[in-house]
Amino acid sequence: MDKSSVIYVAGHRGMVGAAVVRALKAAGCENIVTATHSELDLTDRKAVAEFYAANKIDVAVIAAARVGGIGANSAANSLFLYENELIAMNTVWEAAAHGVKRLLFLGSTCIYPRMAPQPIPESALLTSELEKTNEGYALAKISGLKLCEFLRRERGLLYHSLMPTNLYGPGDNYDIVHGHVLPTLIRKFETAKGKVTLWGTGSAIREFLHVDDLAAACLFALGLENPPDLMNVGSGEEVTIRELAEAVKAATGSKAEIVWDSTKPDGTPRKLCDTSLIRSLGWKSEISLAEGLRRTVASYRAELAAGTIRL
Ligand code: GFB
1399 MDKSSVIYVA GHRGMVGAAV VRALKAAGCE NIVTATHSEL DLTDRKAVAE FYAANKIDVA
1459 VIAAARVGGI GANSAANSLF LYENELIAMN TVWEAAAHGV KRLLFLGSTC IYPRMAPQPI
1519 PESALLTSEL EKTNEGYALA KISGLKLCEF LRRERGLLYH SLMPTNLYGP GDNYDIVHGH
1579 VLPTLIRKFE TAKGKVTLWG TGSAIREFLH VDDLAAACLF ALGLENPPDL MNVGSGEEVT
1639 IRELAEAVKA ATGSKAEIVW DSTKPDGTPR KLCDTSLIRS LGWKSEISLA EGLRRTVASY
1699 RAELAAGTIR L
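If you're matching positions, the sequence shown starts at 1399 in our numbering and goes up one per residue.
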């Protein structure tokens, strides 16, 4: 990737966007453009058009979205659909309308069908019913992915997508109601008074990828001359939520007793993505779950002490 390119990272304050900015800076990219939510409302098409017209962007990485765990999504599918649809359509469509040559759009393995074959190949997209708890988010993200594919086919724009598995790492959202499971478990064990209540049965199986591995995959994909329209990005390392709970308990040194609230949903039974495509092109994850947990507990404590934690 040309280090002098003007690169826009949408969502730079989020966990993924911040990791992508870190990786771009480490790679020597000098012209990184960002805009805070108060500077640019990505749900406002006119504002997004004016932003692209004013900034002459060469490459855009779309890491902005309304995200959340199973609790947040299942309580507000309408909002997750509406806002993420607007963000996806505006950031991709207006990029194409304003000469952005290359764009990388980020999906998530939770937008594959609920009962997709495991490991999930890229070809499984749209082949059967979606997971109900995050159907709104999934529909919006699928739209964004497909818009990139259509623009590439119809206008020759190099717009392509990545499909990361469940992500975690520095700058995550530790809100115990709306957050994803891994950061939520860290917060619960770090603040536990004897007992930690976790959701579901603990039998759901999840694959986790440290966000710095995803950022490296983004730069890898942007460095490909002719990237596939869609590539899964995962670690291949999956655990049951029960195993994850024990691993987080150990990583925090907590002695809390774990109890399960089976009135809460398990969500998709399993979400292991098939990463043979991206691995065949030369990328693989570097950060194991054990090492990633060690780093993330440390970054949680540091963010808490610095008052920068997202709750
Ligand atoms: O990460 P998570 O919230 O979402 O939950 P998904 C994963 C699993 O962890 C579910 C269990 O089986 C939950 O029942 N779990 C146990 C908990 N205790 C907790 C807890 O305290 N908090 C949470 N949040 N979960 C998401 C999608 O699905 O995947 C999003 O809803 C997103 O759209 C994300 O794309 C990557 O992995 O089930």
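Just so it is clear, CB atoms sit at the ideal spot from N, CA and C, and this is done for glycine as well.
Task: Distance CB(L1422)-CB(L1617) smaller than 8 Å - done: Position 24 of the sequence shown, counting from 1, holds the residue named residue 1422. Position 219 of the sequence shown, counting from 1, holds the residue named residue 1617. Taking 8 Å as the Cβ cut-off, L1422 and L1617 qualify as a contacting pair.
Task: T1589: CB within 7 Å of a non-hydrogen atom of the ligand GFB - done: Counting from 1 along the sequence shown, the entry for residue 1589 is found at position 191. Because no heavy atom of the ligand GFB lies under 7 Å away, the Cβ of T1589 does not count as near it: no.
Task: Three-state secondary structure assigned by DSSP to N1624 - done: Your numbering for residue 1624 matches position 226 in the sequence shown. The DSSP-derived three-state label of N1624 is coil.
Task: Start and end residues, beta strand (DSSP E) containing L1559 - done: Here residue 1559 refers to the residue found at position 161 when the sequence shown is read from its first residue. Checking the displayed sequence, the identity of residue 1559 turns out to be Ser instead of Leu. Per DSSP, S1559 is one residue of the beta strand (DSSP E) stretching across 1556-1562.
Open item on the list: Just to confirm my understanding: we take L1622, look at its own chain, exclude 5 residues before and 5 after, and list those with CB closer than 7 Å. What are they?
Closed with: In the sequence shown, counting from the first residue as 1, residue 1622 sits at position 224. Same-chain partners within the cutoff: L1679.
TODO: Could you give the DSSP three-state label for T1694: helix, strand or coil?
DONE: Counting from 1 along the sequence shown, the entry for residue 1694 is found at position 296. In this structure, T1694 counts as helix in the three-state DSSP scheme.
Open item on the list: Looking at the strands, I want to know which residues DSSP matches up with L1504.
Closed with: Counting from one through the sequence shown, the residue named residue 1504 turns up at place 106. Partner(s): L1560.
Task: CA nearest to the CA of V1695, picked from P1568, T1595, V1657, I1405 - done: Sequence index remark: in the sequence shown, residue 1695 carries index 297 (1-based). If we check each option's Cα against that of V1695, P1568 comes out closest.
Open item on the list: Considering just the uninterrupted stretch of the alpha helix (DSSP H) at K1593, what are its terminal residues?
Closed with: The residue labelled residue 1593 in the question sits at position 195 within the sequence shown. Not the alpha helix (DSSP H): K1593 falls in the beta strand (DSSP E), residues 1593-1597.
TODO: Give the C-beta separation of M1487 and L1556 to the nearest angstrom, bearing in mind that I take them to be a contact with Cβ-Cβ under 8 Å.
DONE: Reading the sequence shown from its first residue, position 89 is the one you call residue 1487. Reading the sequence shown from its first residue, position 158 is the one you call residue 1556. M1487 to L1556, Cβ: 19 Å. No contact.
- [ ] With DSSP collapsed to three states, give me the class of I1460.
- [x] By one-based count along the sequence shown, residue 1460 stands at place 62. Here DSSP, grouped into helix, strand and coil, assigns I1460 to strand.
Task: Any beta strand (DSSP E) of 3 or more consecutive residues that is wholly inside the segment 1615-1682 - done: As far as the segment 1615-1682 is concerned, its whole beta strand (DSSP E) runs of at least 3 residues are 1628-1631, 1636-1638, 1655-1659.
Task: N-terminal and C-terminal residue of the alpha helix (DSSP H) that V1490 is part of - done: Taking the sequence shown and counting its residues from 1, the one referred to as residue 1490 is at position 92. Boundaries of the alpha helix (DSSP H) harbouring V1490: 1475-1495, taken from the DSSP string.
Task: Classification of A1688 by the beta-carbon crowding that lies within 10 angstroms, buried from 16 upward - done: If you number the sequence shown from 1, residue 1688 lands on position 290. Exposed.
TODO: Give the DSSP bridge partners of I1603, in chain order.
DONE: Locating residue 1603 in the sequence shown gives position 205, where the first residue counts as 1. T1638, R1668.
Open item on the list: Going by C-alpha to C-alpha distance, which of D1570, S1674, V1490, V1646 sits closest to R1411?
Closed with: Residue 1411 sits at position 13 when you count from the first residue of the sequence shown. Measuring from the Cα of R1411, the nearest candidate turns out to be D1570.
- [ ] Output the boundary residues of the beta strand (DSSP E) element that contains A1408.
- [x] By 1-based counting over the sequence shown, the position of residue 1408 is 10. Note, A1408: beta strand (DSSP E), 1404-1408.
Open item on the list: I'd like the list of long-range same chain contacts for S1697, defined as Cβ closer than 6 Å, with 5 residues on each side in sequence excluded.
Closed with: Locating residue 1697 in the sequence shown gives position 299, counting from the first residue. For S1697, where only same-chain residues beyond five positions count, the Cβ hits under 6 Å are P1568.
- [ ] Leaving out five residues on either side along the sequence, give the residues of the same chain with a beta carbon under 8 Å from the beta carbon of H1496.
- [x] Counting from one through the sequence shown, the residue named residue 1496 turns up at place 98. Around H1496: A1447, Y1450, A1451, I1455.
TODO: Compute every distance between the C-beta of K1593 and the non-hydrogen atoms of the ligand GFB, then say whether any falls below 7 Å.
DONE: As a first step, residue 1593 must be located in the sequence shown, where it is residue number 195. Answer for K1593: no, Cβ out of range of the ligand GFB.
Open item on the list: So, for W1681: in the same chain, excluding its five sequence neighbours on each side, which residues have a beta-carbon less than 6 Å away from its beta-carbon?
Closed with: Mapped onto the sequence shown, residue 1681 falls at position 283. Closer than 6 Å at Cβ, skipping near neighbours: A1615, F1618.
TODO: Under 6 Å Cβ to Cβ from R1553, same chain only, skipping five residues before and after it: list those, please.
DONE: The count along the sequence shown starts at 1 and reaches residue 1553 at position 155. No residues qualify anywhere along the chain.
Task: Residues near the ligand GFB, criterion Cβ-heavy atom distance below 5 Å - done: Checking every Cβ against the heavy atoms of the ligand GFB under 5 Å gives G1467, I1468, N1471, S1506, C1508, N1532, Y1535, N1564, H1578, V1579, T1582, L1596, W1597, G1598, A1602, I1639, D1664, G1665.
Open item on the list: Between the alpha carbons of L1670 and P1511, how many angstroms are there, rounded?
Closed with: Counted from its first residue, the sequence shown places residue 1670 at position 272. Counted from its first residue, the sequence shown places residue 1511 at position 113. Each residue's Cα considered, the two are about 12 Å apart.
Task: Cβ pair E1605, G1632 closer than 8 Å - done: For the purposes of this step, residue 1605 is taken as the residue at position 207 of the sequence shown. For the purposes of this step, residue 1632 is taken as the residue at position 234 of the sequence shown. Yes, these two residues count as a Cβ contact at 8 Å.
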